[in-house]
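Trainee:
There are 2 protein chains.
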Amino acid sequence: MRWIGEADTTSGVAERAFQVDVGGREVPGIAWLPAGEAAGVDGPRPLVLVGHGATLHKRVDHIVSLAHLLVRTHGFAAAALDAPGHGDRRPDRTADEVQLFGNFLTEWSRPGSTDDVVAEWQAAISALREEPRIGDGPIGYWGLSMGTIYGIPLAAAEPRVQVAVFGLMGLLGPTKDRIEADARALACPLAFILQWHDQLVGRDDSFALFDALGSVDKRLHAHPGEHAAVPPEELLFSVEFLARHLAPAHR
Amino acid sequence: MRWIGEADTTSGVAERAFQVDVGGREVPGIAWLPAGEAAGVDGPRPLVLVGHGATLHKRVDHIVSLAHLLVRTHGFAAAALDAPGHGDRRPDRTADEVQLFGNFLTEWSRPGSTDDVVAEWQAAISALREEPRIGDGPIGYWGLSMGTIYGIPLAAAEPRVQVAVFGLMGLLGPTKDRIEADARALACPLAFILQWHDQLVGRDDSFALFDALGSVDKRLHAHPGEHAAVPPEELLFSVEFLARHLAPAHR
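Right, here's the structure in full:
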């Protein structure tokens, strides 16, 4: 892993780009860390990985908001990666949302897609934990929709993930069986976010995925509205939920 | 309304019994208010009404916990009434839970049952707001199961109820049509709590009631487990949810 440029601290949170090389792929990421007085404090500190949705990228507004809340309110670190074909990994920078969604469906259908993304996250985790200001603290994961498609296999493969927020996904699609098997293997505290009128994911498919999650400690939060209409309330809930499990003594 | 005895402040929260007479019925209640330094501070302050579940009573543990959190954390007032045939209104004090549940089903099937309970709450609201330390502040309602059966009609009849938490109930039972019509009339922010493996209320009936709720601002929280296994997490959520809408500036 190599850092790219200096940290940008203009927001009061230190944001720094990085790149991690996995299996010949250059995967661009961003890490967020406390700035100012807390900047010099070594880890370990909890690290929250944020997986973006299809057609989006590692620095979409709600990811930046989530990262800032985690860093500012709890002193955590956060990190996001561009998924294959997304963000700085788009083969065609002029592709519109429809093309990007088509590319995502193609990639999701490619055998090995899930394993590749899991490997990218695992390489990023190992590299980020070498950074003294992050260190080997507990890890949380937050990712909805495509962030759940790849996040459930990551959490199943990666015992360092101790708490996760999933949602906007169901038992459907080309990796349905993999997602179900990996969901059943999970045992950590989980939150599952569902949109009641999701036009992309059927409610019964979502319930089937919630049912499949192996964790005893799980909760489902649903709000009216379509796929992308998750309210800010659930971002705030996510931050407190992740913090409750990653730094219980901190509270 | 008349107060009964002096307030008990041993818990750090002032708890005082009262009785309100409605249509020839003597309805026993409890009010909770700040004790200590805040005791002398006049209202208006937000008032949260708490309706208990079938076979329970106005002073069941989770109601006391909820009231204490509302009073201690937010300086609110809280009040609970015994429902017909429950608590101090049991015709037979030696009745066991099975008998109490049978009595509840009989009462629920009695025409006029819902109107009577709504009238009891409305009389209590008016009387409590005469108390200077409560005053005419905004009102919230919290009640699951039987507390929802009577709470939805109360909220529909009572514009002073500005936010409510319902749950553990569906579109079923003798007042199903009344509950559905009153649910559709609601417009205030609502939370709906559901137990994923509720042995008394079918999941689809619960979803139908959540769908019927007229409010745009509503959310559903579900947890694994049977009817009575609502986790403390939802009590804490309820307190913050009620506070967010009853005293937004206070936050």
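Listed in order, the protein sequences are those of chains A and B.
Heads up: the first sequence begins at 1 in the working numbering, then just goes up one per residue.
Heads up: the second sequence begins at 1001 in the working numbering, then just goes up one per residue.
Just so it is clear, CB atoms sit at the ideal spot from N, CA and C, and this is done for glycine as well.
DSSP puts Gly1075 (chain B) in a beta bridge; with which residues?
Mentor: Answer is none; Gly1075 (chain B) lacks a bridge partner.
Trainee: Under 9 Å Cβ-Cβ, which residues of chain B neighbour His221 (chain A)?
Mentor: Simply Arg1219, Leu1220, His1221 and Ala1222.
Trainee: Could you tell me which residues DSSP pairs with Arg1025 (chain B) in its beta bridges?
Mentor: Bridge partners of Arg1025 (chain B): B:Val1022.
Trainee: Starting from Asp1211 (chain B), trace the alpha helix (DSSP H) both ways and give me its first and last residue.
Mentor: It spans Arg1203 to Ala1212 - the alpha helix (DSSP H) in which Asp1211 (chain B) sits, taken as one unbroken run.
Trainee: Under 8 Å Cβ-Cβ, which residues of chain A neighbour Val1216 (chain B)?
Mentor: Chain A residues near Val1216 (chain B): Pro224.
Trainee: For the region 78 to 86 of chain A against the region 169 to 181 of chain A, do three or more pairs of beta-carbon atoms, one drawn from each stretch, fall closer than 8 Å, so that the two count as touching?
Mentor: Contact fails: fewer than three Cβ-Cβ distances are below 8 Å.
Trainee: Between which two residues does the beta strand (DSSP E) carrying Glu1097 (chain B) extend?
Mentor: That residue, Glu1097 (chain B), is in no beta strand (DSSP E); its alpha helix (DSSP H) goes Glu1097 to Ser1109.
Trainee: Got a sec? Which residues, its chain only, sit under 6 Å from Val1165 (chain B) by beta carbon, not counting five neighbours each side?
Mentor: Hits under 6 Å: Trp1142, Ala1191 and Ser1238.
Trainee: In the DSSP assignment, what residue or residues form a beta bridge with Asp1008 (chain B)?
Mentor: Per DSSP, B:Glu1015.
Trainee: Since I believe Gly137 (chain A) is in contact with Leu242 (chain A) (beta carbons under 8 Å), could you give me their beta-carbon distance rounded to a whole number of angstroms?
Mentor: Incorrect: roughly 12 Å between the Cβ atoms, too far for contact.
Trainee: Keeping to the same chain, check which residues put their C-beta closer than 6 Å to that of Phe104 (chain A); ignore five residues upstream and five downstream.
Mentor: Closer than 6 Å at the Cβ level, and outside the excluded window around Phe104 (chain A), lie Ala54.
Trainee: Helix, strand or coil: which one does DSSP assign to Val117 (chain A)?
Mentor: Correct three-state label for Val117 (chain A): helix.
Trainee: In terms of alpha-carbon separation, which member of A:Lys218, A:Trp32, A:Asp116 and A:Ala222 lies closest to His197 (chain A)?
Mentor: Here the closest residue by C-alpha is A:Ala222.
Trainee: Is the shortest distance between the beta-carbon of Glu233 (chain A) and the beta-carbons of chain B less than 9 Å?
Mentor: Cβ-Cβ to chain B under 9 Å: yes for Glu233 (chain A).
Trainee: For the alpha helix (DSSP H) holding Leu236 (chain A), just list the boundary residues, first then last.
Mentor: Per DSSP, Leu236 (chain A) belongs to the alpha helix (DSSP H) from Pro232 to Leu246.
Trainee: Val1050 (chain B) to Ala79 (chain A), Cα distance in whole Å?
Mentor: Roughly 43 Å between the two C-alpha positions.
Trainee: Starting from the N-terminal side, write out each stretch of the beta strand (DSSP E) that is 3 residues or longer and does not extend beyond the region 118 to 198 of chain A.
Mentor: Counting whole runs of 3 or more residues, the region 118 to 198 of chain A contains the beta strand (DSSP E) stretches 139 to 143, 161 to 167 and 190 to 195.
Trainee: First and last residue of the beta strand (DSSP E) that includes Leu200 (chain A)?
Mentor: No beta strand (DSSP E) contains Leu200 (chain A), which DSSP labels as neither H nor E.
Trainee: With DSSP as the reference, label Val216 (chain A) as helix, strand or coil.
Mentor: Coil, per DSSP.
Trainee: Just to confirm, is the Cβ distance from Leu257 (chain A) to Ala77 (chain A) under 9 Å?
Mentor: Because chain A spans 1 through 251 in this model, residue 257 (chain A) falls outside it and cannot be assessed.
Trainee: Between Phe1210 (chain B) and chain A, is the shortest Cβ-Cβ distance under 9 Å, so that the two count as touching?
Mentor: Yes, Phe1210 (chain B) lies at the interface with chain A (some Cβ there is under 9 Å from its Cβ).
Trainee: Just the Cα atoms here: how many angstroms apart are Tyr1150 (chain B) and His1062 (chain B)?
Mentor: Roughly 18 Å separates the two Cα atoms.
Trainee: Which one or two residues does DSSP pair with Gly1051 (chain B) in a beta bridge?
Mentor: Answer is B:Gly1143, bridged to Gly1051 (chain B).
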